[in-house]
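Chain order of the listed sequences is A and B. All residue numbers for the first sequence refer to this note's numbering, where the first residue is 32 and numbers rise by one. All residue numbers for the second sequence refer to this note's numbering, where the first residue is 742 and numbers rise by one. For each residue, glycine too, the CB sits at the ideal point set by N, CA and C. Encoded as structure tokens, the structure appears first; notes follow it.
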Amino acid sequence: SQQGEEDPQALSIQEGENATMNCSYKTSINNLQWYRQNSGRGLVHLILIRSNEREKHSGRLRVTLDTSKKSSSLLITASRAADTASYFCATALYSSASKIIFGSGTRLSIRP
Amino acid sequence: NAGVTQTPKFQVLKTGQSMTLQCAQDMNHNSMYWYRQDPGMGLRLIYYSASEGTTDKGEVPNGYNVSRLNKREFSLRLESAAPSQTSVYFCASSEASSGLSGANVLTFGAGSRLTVL
């Protein structure tokens, strides 16, 4: 089974609303990363949070990490139509930082 | 700067045929990866190479072999293709394997769509 599981699997919101996606993982990590994938394209890195960090911001993105619960959340504020995509969390394992495992992803749709 | 280049972009194989997916990066990255993505699913790690001269199994290595030809190139070989290997394959690279420095952020290629009949 995959290291990361994301919730919800699909999310549809109105433009301008905030979108929150959650990621849970099973084993200790070195860092956790979030990626975006537009339909039919490769993945693009959004933000990285290290295991010793609890919160990070980048533009309209806010990521939190709770290592005691083995979970992370990605918040996109003031959503735009261009945010429509699939979002994946990826964990770099503590035992091997080069082994990067992806979650199952959340499909986000922004309604105009 | 081309980044990560994968070839071919599309390939149709018959069951039992073999083929090699090629990946090259021009960013002087140390680590390289092969993932597969099935429809509506996340990415699953097939093999990775933390540095030139090393390769390690990922989550789903069965049916695949890899070669880290040099620092730039990392190939994925299917010796005897099966319909279950129909998927989109992504190659990725990262500067280094150090996690706390944040140097293991992945840069992805555009993907190779493989169909096995």
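Have a look at the options and flag the residue whose alpha-carbon is nearest the alpha-carbon of residue i.
i: Lys87/A; options: Trp65/A, Gly35/A, Ser135/A and Ser127/A; result: Trp65/A
i: Asn61/A; options: Gly71/A, Ser126/A, Arg138/A and Arg111/A; result: Ser126/A
i: Ser110/A; options: Leu124/A, Arg93/A and Asn49/A; result: Asn49/A
i: Ser59/A; options: Pro143/A, Ile78/A and Ser103/A; result: Ser103/A
i: Ala765/B; options: Pro802/B, Lys755/B and Ala743/B; result: Ala743/B
i: Ser99/A; options: Asp38/A, Arg72/A and Glu84/A; result: Glu84/A
i: Lys750/B; options: Met773/B, Glu836/B, Val829/B and Val857/B; result: Val829/B
i: Cys832/B; options: Tyr788/B, Ser759/B and Gly757/B; result: Tyr788/B
In terms of DSSP beta bridges, what is residue i paired with?
i: Thr856/B; result: Val753/B
i: Asp767/B; result: Its beta-bridge partners do not exist; DSSP assigns none.
i: Arg138/A; result: Ala41/A and Ser117/A
i: Val846/B; result: DSSP lists no partner for Val846/B.
Under the three-state reduction of DSSP, which class applies to residue i: helix, strand or coil?
i: Gln826/B; result: helix
i: Ser32/A; result: Here the model assigns Ser32/A a pLDDT of 43, short of 50, so the residue's position is not dependable and the matter cannot be decided.
i: Asp797/B; result: strand
i: Asp38/A; result: strand
i: Ala873/B; result: Beyond the ends of chain B as shown, which are 742 and 858, falls residue 873/B; an answer cannot be given.
i: Ala50/A; result: strand
i: Arg818/B; result: strand
Using the beta-carbon count (16 or more within 10 Å), is residue i buried or exposed?
i: Ser32/A; result: Since pLDDT at Ser32/A reaches only 43, below the 50 mark, its modelled position is unreliable, and the value read off the structure follows with that caveat. Exposed.
i: Arg809/B; result: buried
i: Arg173/A; result: Here chain A comprises residues numbered 32 to 143, so residue 173/A is not present and cannot be evaluated.
i: Gln747/B; result: buried
i: Arg142/A; result: exposed
i: Thr137/A; result: buried
i: Val753/B; result: exposed
i: Ile132/A; result: buried
i: Ala41/A; result: exposed
i: Gly794/B; result: exposed
i: Ser835/B; result: buried
i: Val75/A; result: exposed
Please list the terminal residues of the continuous beta strand (DSSP E) segment that includes residue i.
i: Ala41/A; result: Ala41 to Gln45
i: Val94/A; result: Leu92 to Asp97
i: Tyr788/B; result: Leu784 to Ser790
i: Val75/A; result: Leu74 to Arg81
i: Leu106/A; result: Ser102 to Ile107
i: Leu125/A; result: As written in the sequence, residue 125/A is Tyr, which differs from the Leu given in the question. No beta strand (DSSP E) holds Tyr125/A; DSSP gives it neither H nor E.
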